[in-house]
Amino acid sequence: MSSMRMRGILMATVGCILWGTSGIAGQFLLVGKQIPPEWLTLCRLLLGGMILLMVSLLKEPQRVFAIWRDGRDGRELFFFGALGMLFTQYAYFVSIKYSNAATATVLEYLMPILILGWYGLKQRRPLTRKEIFCAVFAMAGTFLIATQGELTRLAISPKALIWGLIAAASCAFYTVEPKRIIQKWGAVLVVGWGMIVAGIVLIPLACLTPVTGDLGMEAVGAFIYVVLFGTVLSFSLYLGSLAYIDPSETSIIAALEPLSSIVFSCLVFHMFFGMAELLGMLLIIAAVGVVTSK
0 MSSMRMRGIL MATVGCILWG TSGIAGQFLL VGKQIPPEWL TLCRLLLGGM
50 ILLMVSLLKE PQRVFAIWRD GRDGRELFFF GALGMLFTQY AYFVSIKYSN
100 AATATVLEYL MPILILGWYG LKQRRPLTRK EIFCAVFAMA GTFLIATQGE
150 LTRLAISPKA LIWGLIAAAS CAFYTVEPKR IIQKWGAVLV VGWGMIVAGI
200 VLIPLACLTP VTGDLGMEAV GAFIYVVLFG TVLSFSLYLG SLAYIDPSET
250 SIIAALEPLS SIVFSCLVFH MFFGMAELLG MLLIIAAVGV VTSK
């Protein structure tokens with residue numbers, strides 16, 4: 000294995016693990032410190048977006064504001080931020096608040112299955128046998144997580160399940176919608192502006208939400224981790240890995256995100272997952288891994 004290929008695999012691996020552990024830090028803030036998800040999401044979006052735009056400003060200053068001068072690009076960027084970016088981040092944190100980081104991350108990881116179904120409808124083509132099996136596995140996994148295998152009850156809060164599925168749907172939109180403008184303007188610039196737009200749209204809701212919780216040094220440290228490591232660095236490493244390995248390989252490595260969230264939930268919060276929950280999580284991860292390996 001060449002050193003460049005190894006470098007790409009390492010970058011993608013670290014980036015995905017940082018994404019997964021940012022959910023752990025988010026759970027610490029949302030559940031342990033009782034920080035409202037509205038304020039956590041708002042601060043993450045605005046600070047993360049400003050850092051990414053500063054990076055773009057240092058590299059190509061003339062392009063930072065030029066994206067808004069094109070009417071079509073500006074409209075797509077606005078909807079990407081106001082719908083995709085906002086609800087991907089906010090719904091994910093709300094799902095964590097009502098459950099835990101591992102469950103919310105695995106539910107959000109259903110995103111590729113939703114994209115698969117969307118493209119099947121858009122292209123008016125039947126799903127292949129492999130795709131059908133993957134979709135069935137993903138639905139079975141979601142069922143096991145939600146019920147722990149018992150048909151008569153939900154094992155997690157309905158709010159956690161609903162917001163987790165909203166996060167998955169939003170993440171699917173977030174992934175598909177900006178493809179054209181990312182190819183034209185670059186991912187760092189588009190995601191940076193998307194975060195700023197999402198943060199601005201969220202301001203009215205955040206202002207209606209009282210600022211509560213423990214805002215001590217532990218909370219500040221966890222928030223810095225979420226923004227710098229779980230947002231900016233993880234995103235930069237994951238995208239940077241594409242210079243050395245194929246996108247199909249990075250999509251498979253992305254399975255480390257929910258896996259790391261599960262492992263660190265056990266290590267940090269001493270959480271215990273039953274066999275049905277673990278089987279459900281593994282079914283979803285396996286299904287997505289097979290789909291994204293195409």
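When the sequence shown is numbered by our numbering, its final residue is 293 and no position is left out of the sequence of numbers.
C-beta: ideal position from N, C-alpha, C; glycine also.
Please classify residue 111 as buried or exposed, where buried requires at least 16 neighbouring CB atoms within 10 angstroms. By the neighbour-count rule (16 or more Cβ atoms within 10 Å), residue 111 is buried.
Segment limits, alpha helix (DSSP H) that includes residue 173: Where residue 173 is concerned, the enclosing alpha helix (DSSP H) stretches over 157-175.
Backbone secondary structure at residue 149 - three-state DSSP: DSSP, reduced to helix, strand and coil, places residue 149 outside both helices and strands of the structure shown, so it counts as coil.
Less than 9 Å between the beta carbons of residue 15 and residue 255, yes or no? If you check the CB distance, residue 15 and residue 255 come in under 9 Å.
Rounded Cβ spacing between residue 145 and residue 154 (contact assumed at less than 8 Å): Rounded, the Cβ-Cβ distance is 6 Å, consistent with contact.
Buried or exposed for residue 225, please, with buried defined as at least 16 other CB atoms from any protein chain shown within 10 angstroms of its CB. Here residue 225 is buried. Its C-beta has 16 or more other C-beta atoms within 10 Å.
Helix, strand or coil for residue 108? Go by DSSP, reduced to three states. The answer is coil: DSSP assigns residue 108 none of H, G, I, E or B.
Provide the residue span of the alpha helix (DSSP H) that contains residue 59, from first to last. Per DSSP, residue 59 is not a residue of any alpha helix (DSSP H), being assigned neither H nor E.
Determine the DSSP secondary structure at residue 10, reduced to helix, strand or coil. For residue 10, the secondary structure class from DSSP, reduced to helix, strand or coil, is helix.
Alpha carbon to alpha carbon, what distance is there between residue 64 and residue 265? Counting only the Cα atoms, residue 64 lies some 44 Å from residue 265.
Measuring only the C-alpha atoms, how far is residue 184 from residue 52? Rounded to whole angstroms, the gap between the alpha carbons of residue 184 and residue 52 is 12 Å.
Look at the Cβ atom of residue 147, then the Cβ atom of residue 286, and state whether they are nearer than 9 Å. Not a contact, by the Cβ cut-off of 9 Å.
What is the DSSP secondary structure of residue 270, counted as helix, strand or coil? Coil, per DSSP.
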